[in-house]
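S.K.: Chains as they are written, first to last, in full-length UniProt numbering: chain A, 1 to 284; chain B, 1 to 326. Every residue gets a Cβ at the ideal spot worked out from N, C-alpha and C, and that includes glycine. No experiment lies behind these values; they were computed from the predicted model shown.
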Amino acid sequence: MIDFPWNDRAGRFSTVRGAAFALALAPACWLAFEAATGGLGAKPLTEATHQTGLWTIRLLLVTLALTPLRRITGWNRCIVARRLLGLSVFAYAVGHLALYVADQGWDLGQAASEIALRFYLTVGFVALVGLALLAATSTDAAIRRLGRRWQQLHRTVYALAALGVLHFFLQSKIDASEATLMMGFWLLLMGWRAAQRAGAPLGAPRTLTVVALAAGLATAGLEALWYGLATGIPWRLVLAANLTLTPWPRPAWWVLGAGLAAALLPLARARLGRRPLSVSPSRA
Amino acid sequence: MLIKRKRGWELPESQATPESVFRQRRRLIAGLAAGPILLGAGALLAGRGASPAAAEEADPSAKLYPAKQNMRYRLDRPVTGEELATTYNNYYEFGSSKNIWREAQDLPIRPWTVSIKGMVEKPFEIAIDDLLAKMPLEERLYRHRCVEAWSMAVPWSGFALARLVELAKPLSAAKYLKMVTLEDSDVMPGQRAGWYPWPYTEGLTIAEATNELAFIATGLYGKPIPRQNGAPLRLATPWKYGFKSVKSIVSFEFTDQRPQTFWEEIQPAEYGFWANVNPKVPHPRWSQASERVLGTDERVPTQLFNGYADYVADLYKGMEGEKLYM
Chain A
1 MIDFPWNDRA GRFSTVRGAA FALALAPACW LAFEAATGGL GAKPLTEATH
51 QTGLWTIRLL LVTLALTPLR RITGWNRCIV ARRLLGLSVF AYAVGHLALY
101 VADQGWDLGQ AASEIALRFY LTVGFVALVG LALLAATSTD AAIRRLGRRW
151 QQLHRTVYAL AALGVLHFFL QSKIDASEAT LMMGFWLLLM GWRAAQRAGA
201 PLGAPRTLTV VALAAGLATA GLEALWYGLA TGIPWRLVLA ANLTLTPWPR
251 PAWWVLGAGL AAALLPLARA RLGRRPLSVS PSRA
Chain B
1 MLIKRKRGWE LPESQATPES VFRQRRRLIA GLAAGPILLG AGALLAGRGA
51 SPAAAEEADP SAKLYPAKQN MRYRLDRPVT GEELATTYNN YYEFGSSKNI
101 WREAQDLPIR PWTVSIKGMV EKPFEIAIDD LLAKMPLEER LYRHRCVEAW
151 SMAVPWSGFA LARLVELAKP LSAAKYLKMV TLEDSDVMPG QRAGWYPWPY
201 TEGLTIAEAT NELAFIATGL YGKPIPRQNG APLRLATPWK YGFKSVKSIV
251 SFEFTDQRPQ TFWEEIQPAE YGFWANVNPK VPHPRWSQAS ERVLGTDERV
301 PTQLFNGYAD YVADLYKGME GEKLYM
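(1) Could you tell me whether the region 249-264 of chain B touches the region 208-224 of chain A, using the rule of 3 or more Cβ pairs below 8 Å?
(2) Against chain E, with Cβ distances strictly below 9 Å, would Gly203/B count as a contact?
(3) Take Thr56/A and list the residues in its own chain whose beta-carbon comes closer than 8 Å to its own, dropping the five residues that flank it on each side.
(4) Give the range of the beta strand (DSSP E) segment to which Ser290/B is assigned.
(5) So with Cβ pairs under 9 Å, would you call Thr231/A a contact of chain B?
(6) Just the chain B side, please: which residues come within less than 8 Å of residue 285/A by C-beta, in chain order?
(7) Can we say the region 58-69 of chain B touches the region 212-228 of chain B, given the rule of at least three CB pairs closer than 8 Å?
(8) Write down the C-beta distance between Gln228/B and Glu93/B rounded to the nearest angstrom, noting that I regard them as a contact closer than 8 Å.
(9) Quick one: grab the DSSP three-state call for Gln191/B.
(10) Compare the C-beta of Gln267/B with all C-beta atoms of chain A and state if any pair is closer than 9 Å.
(11) Please tell me whether Leu75/B and Leu141/B are closer than 9 Å, where the distance is taken between their beta carbons.
(12) Using the Cα positions of Gln303/B and Pro279/B, report the straight-line distance between them to the nearest angstrom.
(13) Chain A beta carbons: is any one of them nearer than 9 Å to that of Ala193/B?
(14) Report yes if the C-beta distance between Asn242/A and Ala230/A is below 9 Å; otherwise report no.
(15) Which of helix, strand or coil does DSSP assign to Tyr316/B?
(16) Distance, Cα to Cα, Ala240/A vs Val250/B?
(17) Should Gly35/B be labelled buried (16 or more other beta-carbon atoms within 10 Å of its own) or exposed?
(18) Quick one: residues in its chain with C-beta nearer than 7 Å to the C-beta of Thr46/A, no 5 flanking neighbours on either side, listed in chain order?
(19) Taking the alpha carbon of Phe168/A as the reference point, which residue from Phe119/A, Trp254/A, Arg77/A and Asp3/A has its own alpha carbon closest?
(20) Using alpha carbons as the reference points, say which of Asp310/B, Leu233/B and Leu131/B lies closest to Asn211/B.
(21) Taking only beta-carbon atoms, is Gly295/B less than 9 Å away from chain A?
(22) Are Gly124/A and Gly232/A close, meaning C-beta to C-beta below 9 Å?
(23) Grouping DSSP H, G and I as helix and E and B as strand, with all else coil, what is Leu229/A?
(24) Closest to Met190/A by C-alpha separation, out of Ala162/A, Ala204/A, Gly203/A and Leu170/A, would be which residue?
(25) Under 9 Å, do Val114/B and Leu171/B count as touching if we go by C-beta distance?
(26) Just checking: is the beta-carbon of Leu75/B within a distance shorter than 9 Å of some beta-carbon in chain A?
(27) Could you give the distance in angstroms between the alpha-carbon of Lys63/B and the alpha-carbon of Thr80/B?
(28) Once DSSP output is grouped into helix, strand and coil, what is the label at Gln104/A?
(29) Provide the residue(s) that pair with Arg143/B in DSSP beta bridges, ordered along the chain.
(30) Taking a cut of 7 Å between CB atoms, which residues from the region 239-257 of chain A lie near chain B?
(31) Let me see if you follow: with CB-CB separation under 9 Å, is Pro226/B close to chain A or not?
(32) Along the chain, where does the alpha helix (DSSP H) that runs through Glu202/B open and close?
(33) Expressed to the nearest angstrom, what Euclidean distance is found between the alpha-carbon atoms of Phe33/A and Ala26/A?
(34) Could you name the residues of chain A that Asn99/B contacts, counting a contact when the two beta carbons are closer than 7 Å?
(35) Tell me whether Cys146/B is buried or exposed, calling it buried when 16 or more other Cβ atoms sit within 10 Å of its Cβ.
(36) Starting from the C-beta of Ala174/B, find all residues in its chain whose C-beta is less than 8 Å away, skip the five residues before and the five after it, and write them out in chain order.
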């Protein structure tokens, strides 16, 4: 029997895995379409490199969100998509590196020397090596063989995600808004984990609200810190920009919004949690 | 008498690919790849194919172009396709995407007043069309080397900056020329990002500004220059990285103080005042040894002063202590 990625372990189609597979594939399909129609602009390789990098970090954060999401919503089945999404992250990261090398005219020596010389590339490359290690141990056999050490090894994914975000910051010309946004989502995920470890129930809207506020504030603070340390832009102006919503809301607001949206999920759980799936909904 | 000395990087026009053929070739390749799988997406493709030229309207200066080509400024490579040069732009006043040409169409370019001020005999303001009438317009083929390691070959029309300096009559104490972009956050949403030091400011020494290569471009591809490329007038200093070439200029100020430029202020470790092209001095994040020529599949070696050393190297004699190449 062929083991299609959208099937569950029993070989039946799984909606969750099917949706995850579609999500993982969609950016690559869009990119291929754009490439074929000239939509990638004057420097298609550079644009494709940026896009694959962007989707690497986005999909990585989505993957890391599944475990806390399960705890927040009680939706246990979402976890079946985790390995699939994690492997797609590695695939995008490999594509990202391959496109970079292609942009260097496939000059491997040049690419290697650039990776060694430029700190932001070194950081990205270390993260990729880490992802490769995790991908290589993402088999049932490896999980059995490694036992407890598997957990320890795969927990490094949070550090790898942080390296990915750092790589994103370091490559910014000046505008680090999207890198800041990714950092903010990472902080949100870290906050949920920390709350869980501290024994706060993740299913409680109050816990989630506190985490959302903390992540939002930390995002604003770290963004200002980045501009203050890495650029000539006054950090006070960046921090103050959070108080106006023009020209667009700063990343901290999006992080806060995402965190507060998550805080609403347990309410949905209370309403929907015990409803049998086969029975049509009725008002209580 | 002007003695025509052929430089190493010049090519006879007969060997350059005509722009029309060059662009057709690109479309042909794109069409071959896309055709079989995308027949159903015709409408979408048609929408994407709309060129920025379609956004052009009557421009009072349209009749001035094409200007006569000045054969002294030719190139060793085919001119970059118009569609590429007019759809791949930086214009931070509208946003930080390279795909900013649509947004830039909001730029109001008439009426447009240029002010000449600072250390000059008599400061004055002049409307763009009056300025154009006073200046001898010509077309020059220049290389354009972006600090981000890509390049174009561009047919600018306009006039030598030296002619404008003559018109301005600077005092002998003036050492620098400071040039500033329009500031109007009502039409330029990027300028609402208040943490940037708007307006965009650039500067040259008077010696640089009066070098024969320093050029004020008011036209592009034999037409008035599009907004995304810096309408109605922008600087072109082909021996320097592209960010020096300030767009949509509203003032030329003569001063004895070195201007604090936009990029030098926000990222001094990466984008300095001098910004002369040098393949041996890497950007902190990438090598400057080679560049991707827009619209081609190749990287070519970058040259010192972007190939214009014969014209400008003397400007920097005795300045070895300065960060000339960053």
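M.R.: Inspection of the coordinates gives the following:
(1) no
(2) Checking the listed chains, one finds no chain E in this structure; the protein chains it contains are A and B.
(3) Val89, Tyr92, Ala93, His96 and Gly164
(4) Ser290 to Val293
(5) yes
(6) Look at the range of chain A in this structure, 1 to 284, and you will see that residue 285/A is not part of it.
(7) yes
(8) Between Glu93/B and Gln228/B the Cβ distance is about 11 Å, and since that is not below 8 Å, they are no contact.
(9) helix
(10) yes
(11) yes
(12) 6 Å
(13) yes
(14) no
(15) helix
(16) 29 Å
(17) For Gly35/B, the pLDDT reaches just 41, beneath the cut-off of 50, and the residue's location in the model is therefore unreliable, leaving the point undetermined.
(18) Asp103
(19) Phe119/A
(20) Asp310/B
(21) yes
(22) no
(23) helix
(24) Ala162/A
(25) no
(26) no
(27) 24 Å
(28) coil
(29) Ala153/B
(30) Ala241, Thr246 and Pro247
(31) no
(32) Glu202/B -> not in any alpha helix (DSSP H); beta strand (DSSP E) instead, spanning Thr201 to Thr205.
(33) 11 Å
(34) Gly41
(35) buried
(36) Gly118, Met119, Val120, Ile206, Phe254, Thr255 and Asp256
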